[in-house]
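Residue numbers (the working numbering): 33 to 321.
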């Protein structure tokens, strides 16, 4: 984490005591968050991240800011304070009130917290273990990006202790859902498949862009149910996230994995061009103000 963080509308030193155990969301994981990439001081796909957080907050009954403008401006001030023009940013909205453990003197219904850090090097390929019964697709809160993240962290830590990098999480039907912090894609020739939201997966922003915005002639990106055995038939498997973009899978526990990189490379190239265009347009808008 970089030196400064955002607490509501204030930029503060990360060592400052700003939070209280009486904020119910901190002790109960009652809040929402998103992780954004910062390119040349531009918050990439800001609108999509904000809208997903807002939807998740409504479902979880987390009070949420009504106007994204002041939050965006505050995040840009944080980026400037940390000299984090190219970085990773975490934005959190935590619920503060309600219940017998609400602390005294809590005046705000929610707190906005944000911090930045350097971009992580994920390596050239990823090794995946497999965890059964790790997603409940029928749950009303499946796919919500909430602060209650401990299950994911435990599965990830266990996998890393066994020499893997990430984990494929299966749902109650034995279908592929997602990884602990990434979505999964499988290429079959020029047809690229990813589990649907009904698998219990989180609607990742990179996943969303590949389905809705990125177009490569001759290639299709579509949602389809996948089982572990289907991954062995794929030309290649790759995972996506805000910080990884499109990262190829080199190994899956107990499965043979293809290494034909053609589809991923074509999509990565188109995605990179989309990012560049987004950043350029955002910079042009800011310069004209």
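Yeah, the Cβ is synthetic: ideal placement off N, Cα and C, and Gly gets one too.
Practice item. Measure the C-alpha to C-alpha separation of residue 296 and residue 242 and round it to an integer number of angstroms. Key: 11 Å
Review point. Of the choices 106, 180, 199 and 186, whose alpha-carbon is the least far from that of residue 216?
Key: 199
Review point. Short check: CB of residue 141 to CB of residue 95, under 7 Å?
Key: The Cβ atoms of residue 141 and residue 95 sit closer than 7 Å to each other.
Check your understanding: Hey, quick one: how far does the alpha helix (DSSP H) through residue 190 stretch, first residue to last?
Key -> 182-193
Point to revise | Backbone secondary structure at residue 128 - three-state DSSP | key: coil
Review point. Which term fits residue 62, buried or exposed, when burial requires 16 or more other beta carbons within 10 angstroms of its beta carbon?
Key: buried
Point to revise | Where residue 48 falls, given that 16 or more other Cβ within 10 Å makes a residue buried | key: By the neighbour-count rule (16 or more Cβ atoms within 10 Å), residue 48 is not buried but exposed.
Exercise for review: List the DSSP bridge partners of residue 149.
Suggested key: 120
**Study point:** Residues bridged to residue 274 (per DSSP)
**Key:** Residue pairing by DSSP places residue 274 in no beta bridge whatsoever.
Practice item. Return the CA-CA distance between residue 43 and residue 225, expressed in angstroms with no decimal places. Key: 42 Å
Point to revise | Beta-bridge pairing of residue 163 - partner residues as DSSP gives them | key: Partner(s): 201.
Review point. Would you call residue 82 buried or exposed, if buried means 16 or more other Cβ atoms sit within 10 Å of its Cβ?
Key: Taking a 10 Å sphere around the C-beta of residue 82, we find 16 or more other C-beta atoms and assign the residue as buried.
Check your understanding: Using the C-alpha atoms, what's the distance from residue 315 back to residue 125?
Key -> 27 Å
Practice item. Grab me the residues of residue 300's own chain with a C-beta within less than 6 Å of its C-beta, minus the 5 sequence neighbours each way, in chain order. Key: 278
Check your understanding: Based on the DSSP output, what are the partners of residue 292 in its beta bridges?
Key -> Partner(s): none; residue 292 has no beta bridge.
**Study point:** Option in 202, 46, 254 and 318 with minimal Cα separation from residue 146
**Key:** 46
**Study point:** Pick from 250, 203 and 313 that is closest to residue 230, judged by C-alpha positions
**Key:** Among 250, 203 and 313, the Cα nearest to that of residue 230 is on 203.
Exercise for review: Just grab the DSSP bridge partners of residue 283 for me.
Suggested key: 159
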